[in-house]
Each structure stands twice: as structure tokens, then as C-alpha cells.
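Enquirer:
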Amino acid sequence: MRLFRPRALSREQFDEYRLKDDLKNIRKFGPAGSSYDALYINSFYLDRRFYVPYSAIQRVFKRVAMTKGGFTGKGMFATLSYLVVQYDDGKEKQAIIKKEDQIDMLLSYINEIHPEIKTLSKQGEERLEKLRKEEEKRYKKNLSESAENAVKELRHQKEYVEMKKETAVRMQIASKRMRAYNRSKKSLKWVAFFIVLLGVAAITWGIYSLVTKRGDFGIYFTLFGLAAVFLFSGVSIIPTGKNNKRAIERMLEEARADMKSYTERYDGFSIPYYYAHPDVFERTIRVIREGRAEDIDTAFSVMKEDLKKINSTVKVSQLEYDEIVNIKPMFLLMDYK
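Note that the UniProt record's numbering has the sequence shown beginning at 1, numbered continuously upward.
1. Go to F50, then tell me how far its beta strand (DSSP E) extends in each direction, as first and last residue.
2. Tell me which same chain residues have a C-beta within less than 7 Å of the C-beta of S175, skipping the five on either side of it?
3. How is the alpha helix (DSSP H) around L128 delimited, first residue to last?
4. Is DSSP giving G206 helix, strand or coil here?
5. Spell out the partners DSSP gives F61 in its beta bridges.
6. With the cut-off set at 8 Å, would you say residue 339 and R155 are in Cβ contact?
7. Which residue comes first and which comes last in the beta strand (DSSP E) that contains E92?
8. If the criterion is Cβ atoms closer than 8 Å, does the pair residue 387 and P53 meet it?
9. Given a cut-off of 8 Å, decide if L131 and L319 are closer than it, judged by their beta-carbon atoms.
10. Please identify the residue among Q102, I296, N25, R283 whose C-alpha is closest to the C-alpha of I173.
11. What separation, rounded to the nearest whole angstrom, lies between the Cα atoms of R48 and V280?
12. Any chance the CB of A168 is under 7 Å from a heavy atom of the ligand NAD?
13. Going by DSSP, what residue range makes up the alpha helix (DSSP H) through R27?
14. Should the stretch 290–301 be regarded as contacting the stretch 137–156, the criterion being three or more beta carbon pairs within less than 8 Å?
15. Would you mind working out which of A8, S301, K122 sits nearest Y336, comparing C-alpha positions?
16. Pick helix, strand or coil for R5, following the three-state DSSP scheme.
17. In three-state DSSP terms, what is L39?
18. For K158, collect the residues of the same chain with a Cβ closer than 8 Å to its Cβ; drop the 5 residues on either side in sequence, then sort them by chain order.
19. Below 6 Å CB to CB, which residues in the same chain sit around L39 once its five sequence neighbours on both sides are set aside?
20. Compute the Euclidean distance between the alpha carbons of K93 and D267, then round it to the nearest angstrom.
21. Would you mind stating whether D258 and T119 have Cβ atoms separated by less than 8 Å?
22. Quick check on S34: does DSSP put it in helix, strand or coil?
23. Among K133, R11, K98, E100, whose alpha-carbon lies nearest the alpha-carbon of G90?
24. What residue does the alpha helix (DSSP H) around I324 start on, and which one ends it?
25. Is it right to say D21 is buried, meaning 16 or more other beta carbons lie within 10 angstroms of its own, or is it exposed?
26. Assign P31 to one of two classes, buried (16 or more other C-beta atoms within 10 Å of its C-beta) or exposed (fewer than that).
27. For I207 and F194, what's the separation of their Cα atoms in angstroms?
28. Going by beta carbon distance, what residues of the same chain come within less than 7 Å of L46, once the five residues before and after it are set aside?
29. Measure the CB-CB distance between L9 and Y87 and report whether it falls below 8 Å.
30. Using 8 Å as the threshold, is the C-beta distance between Y273 and R256 below it?
Dropping the structure here:
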């Protein structure tokens, strides 16, 4: 039972009975959530404290802001991620969501259930269009008939995958987490976990000292403990119920299984289901449009070789960088097969 019923931000509101029914159908994404009819966002203290019916929403997008430490290069927390909702033809509400992955999955889900709602900011759309025009300069002007047919088929398959984009993003995120987990040192995870436990102990002792007036150091223990807990609880290397090898493997297996079942319903699907992501299709299409392949199988092989060669020393466009960050962990986990 909820202690606080969500409050409407928009002029359009649900009556008491409709809101009660809608709350039963919320799909949770961290502190935010969504039903088919409304988006629920958090306040600073409470999860899903506000709601906006989708009929009142114009845009929902992610905003990433640099902290002071991010600008100087000296801060532990370089960025803050926000979910931004624009509604009622001009109003805007943003909510901090610590894990960008949760925003990405929520936006993918919104793309599925309400494709008419824009999930990029106006500035983001303009930037993406500019990057795409720059990419166009690399494309071959006159493609052969077989190449044109291959591009057309890949676009159909990309559109098909985009109807299940949330699954593709879950697969992307799970692959990234598994890759990070495999590369991180186990000793470092437990050191961070031990520091969090020390922080909790310091908070407990500090509060006890303040209440019982045992010495003058209670406030310092409390502040130290709070700093340790907040600092290291934001680090993804700490083993928790959701951040451990078994949980990550389960997330990846479930996402792959869902995508496999979905792609099997498409006759002649060209890309292996464990790589079925819109950015994979986009990069494969680009190979053909650049004149480096005439058919899908060759283009996919060339795309994989390109991806394999890219490392931290290779310069790429911003558009390519965004794609690579999304999909390369999937290929690394499967050893590019």
C-alpha cells in the first residue's frame, strides 16, 4: 500500500478510481515508472511521486549534466543524469535518476508503447541531424540494385527490432555490465563493500554518541559514515543483490531469449539475435552505402571487422562513438562470432 498517492503535474488528471487502477499496471524503472497511460517520476525523496498522462506529454528525454568535479577532472561523480518531461505545451519537470541505464530502458519502453512521443530533446534532434548529414558525405551516390535491395531489407529489419527496442537496450545494458564485471578485480569489489559497512557502523556509532552525549566526536563519525556510504554506494563494483555475476547473467540470458523468440517470427532475419540492436543495423547499412559491400552477409562481416579494429587510439565521429559504446560489449562477449 502506498503512503503517498502520486500527484498530477499536468492540467490533465486521472480521477481517483482511474489512478488507483493505473497504479496496478506500473512498470518500474528505478525510481520512475510507466503504465500505458501515464509516466510516473520521482521527487528528490520519493519514488514515482508525480505522474503525467501521456496525452499531455510532448517530449521525454535524458539530460546528462556535468558536476563541478566533472569539469575539473578531479571529481568522483563526473555526471548527473536526469529524466526530463515536457508537457502542457511548455512546462518542464526533471528528476534525478542515478543510474543512466534505468533512464535508457524507460525511454526504450516509451518508444515501444508511444512511438509518437519524442525521446530526444530538440537540441539532441538537431545535433543528430547534423551528424547524419556529415555521414552522408561518405556514401556512394549510385548503388547497384542488389545493394539497394540489401539496404531496404536491413531497414525493414531495423524497424522490426525498434518495435522491441526495450529488449535490445536490456541486452545492450546487460552486456555492458557483464563486460565491466569480468574486467573488474574481485578484491576491489569487496574493499568497496567493506568501506560501506564501515560507513554504516560509523553512522550508527555517531548517532548513538550524539543521543547519549558520549564525547564530542559523534558528529564527525556520522558525517564520515554518510560520506563513505553515499560515495561508494554509487560505485557499480560493489556486489549487491542486483550487481553480481549470477544476476547479470540472468538479465543477459533473459534479454537474449526474448530477442531470439522475437526475431524467429521474422522470416529470413539476417543478424544473429544476440546482436539484434538498431545500431548494429545502422552500421551494417552504412557499410553498403559506402560501397564496401553488395549484400547483407558481406556487409555484416565488414562491420564486425571494423568494430574489432576500433580501440581507444582510433578516432571516430561522435555518431559512431555513441553506437560503438552501445554495441561493442555485445560483440566482445560473443568473441565477434
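For each residue, glycine too, the CB sits at the ideal point set by N, CA and C.
Expert: Taking the coordinates as given:
1. 50–53
2. L252, P329, M330, L333
3. 122–136
4. helix
5. V84
6. The chain is shown only over 1 to 337; residue 339 falls outside these bounds and no answer can be derived.
7. 91–96
8. As shown, the chain starts at 1 and ends at 337. That puts residue 387 outside it, with no answer to give.
9. yes
10. Q102
11. 34 Å
12. What this structure holds is no ligand at all, so the ligand NAD is not there to describe.
13. First-last for R27: 27–29, but that is the beta strand (DSSP E), not the alpha helix (DSSP H).
14. yes
15. S301
16. coil
17. strand
18. P278, F281, E282, I285
19. V52
20. 43 Å
21. no
22. strand
23. R11
24. 318–333
25. exposed
26. buried
27. 20 Å
28. F4
29. yes
30. yes
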